[in-house]
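Trainee:
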Amino acid sequence: MSYFASHQRLWLFGYGSLIYKVDFPYLQRRPAAIRGWERRFWQGSHDHRGTPEAPGRVVTLVESEGALCRGMAFEITPDVFEHLDHREKNGYLREVVDLQFDDGPGEEALVYIAGPDNPAYLGPASEAAIARQIGVSVGPSGPNRDYLLRLASALRALGALDPHVFALEEALLERVPSSLTTPQEYRPQPGNKCEQYGERDGR
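If you count the sequence shown from 1, position 199 lands on 198 in numbering that gives the first Met the number 0, and the numbers rise without skipping.
Set out below in structure tokens:
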């Protein structure tokens, strides 16, 4: 709580569903990036996109020298973390990172990261295996595939290139026809980086 004590407003960096499902109040939001981290579908989800018996997979961040992870930054007040801590309760802890903005000086921010020592951590696997798991997993928040497809669409809208996410999207859509798995608005459009990344009250 000492971090909050000195901040009446602070920045939160979102790199997964926080980009497109913004179910919390914020003062402003801006595209941003952090260095030294990359997105990976290595965290298990038995509370949102899977079950304890058949967990889904969601993203966390792993350290990677020279990497640049793009996402969305939100300026919020400390009271919002009561909701966010519940939403990110399955293995995620808050860490302090340095934000980079394309259109101004950087800021310090908090980000939720699920490390390898949390019980829900699944770790690396082949793209085919991860896509297969995502394709069959369903939890209280809906099919795991929707999480992946919405995230891929959101990253395109930001102009963010993420080979890991896009490779999993391609592998998933190769397994099952997109007409059966993908709402029309989330189907990838070659060359189109202007898709909508979600509604304010839309996980």
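Note that beta-carbon positions come from the ideal geometry of N, C-alpha and C, so glycine has one too.
#1: Do you know how far the Cα of LEU60 is from the Cα of SER125?
#2: I believe ASN143 touches SER136 by the beta-carbon criterion, under 8 Å. Please report the beta-carbon distance rounded to the nearest angstrom.
#3: For ASP84, name the three-state secondary structure that DSSP assigns.
#4: Looking at the unbroken beta strand (DSSP E) that takes in TYR111, where does it start and where does it end?
#5: First and last residue of the beta strand (DSSP E) that includes PHE165?
#6: Mark GLY26 as exposed unless 16 or more other C-beta atoms lie within 10 angstroms of its C-beta, in which case mark it buried.
#7: Spatial neighbours of ALA66 within its chain, please: CB distance less than 8 Å, with the 5 preceding and 5 following residues excluded, ordered by chain position.
#8: Compute the distance between the beta-carbons of ALA72 and ARG28, then report whether it is under 8 Å.
#9: Is DSSP giving LEU11 helix, strand or coil here?
#10: Contact between the region 100-108 and the region 41-58 is defined here as three or more beta-carbon pairs at a separation below 8 Å; is this criterion met?
#11: For a quick check, are the C-beta atoms of GLU94 and ILE112 less than 8 Å apart?
Mentor: In short:
#1: 17 Å
#2: 4 Å
#3: helix
#4: 103-112
#5: Note, PHE165: premise wrong, no beta strand (DSSP E); alpha helix (DSSP H) at 162-174.
#6: One detail in the question is off: residue 26 reads as Leu in this sequence, not Gly. Exposed is the call here.
#7: ARG34, GLY35, TRP36, GLU37
#8: yes
#9: strand
#10: no
#11: yes
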